[in-house]
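Novice: Quick one: this structure, given as C-alpha cells, is what I'll be asking you about.
Residue numbers (this note's numbering): 2 to 66.
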C-alpha cells in the first residue's frame with residue numbers, strides 16, 4: 002500500500018499577482034502609490050500592458066526644451 006503525502010497546508014497551485022494583491026503586499030512593506038500614479042493606473046485599466054507602461058514612462062521622461 003502506498004503512503005499518502007502529508008498535508009502541510011501549502012498552496013500547490015500558482016496564483017496570479019493582481020493589482021489588489023500587489024497593493025496588499027506593498028502595504029505590508031509600508032509602500033503606497035502616490036496620487037499621481039494611482040490616477041495614471043486607474044486611467045489605464047482597460048489598456049494593454051505595453052500601453053500602460055508607456056503611460057507610466059511618460060510621467061518620468063524629462064521634456065527637452
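Backbone N, C-alpha and C fix where the C-beta goes; we use that ideal spot for every residue, glycine too.
Could you give the residue range of the alpha helix (DSSP H) that holds residue 34?
Specialist: No alpha helix (DSSP H) holds residue 34; DSSP gives it neither H nor E.
Novice: Determine the DSSP secondary structure at residue 49, reduced to helix, strand or coil.
Specialist: In the structure shown, residue 49 sits in coil (DSSP, three-state: anything other than H, G, I, E or B).
Novice: Taking residue 25 as part of the alpha helix (DSSP H), name the residues at either end of that continuous run.
Specialist: Unbroken alpha helix (DSSP H) run through residue 25: 20–30.
Novice: Would residue 41 and residue 64 qualify as a contact pair, given that the criterion is a beta-carbon distance under 8 Å?
Specialist: Not a contact, by the Cβ cut-off of 8 Å.
Novice: Can you give the beta carbon distance from residue 45 to residue 53, rounded, assuming they're within the 8 Å contact cut?
Specialist: 5 Å between Cβ atoms; contact.
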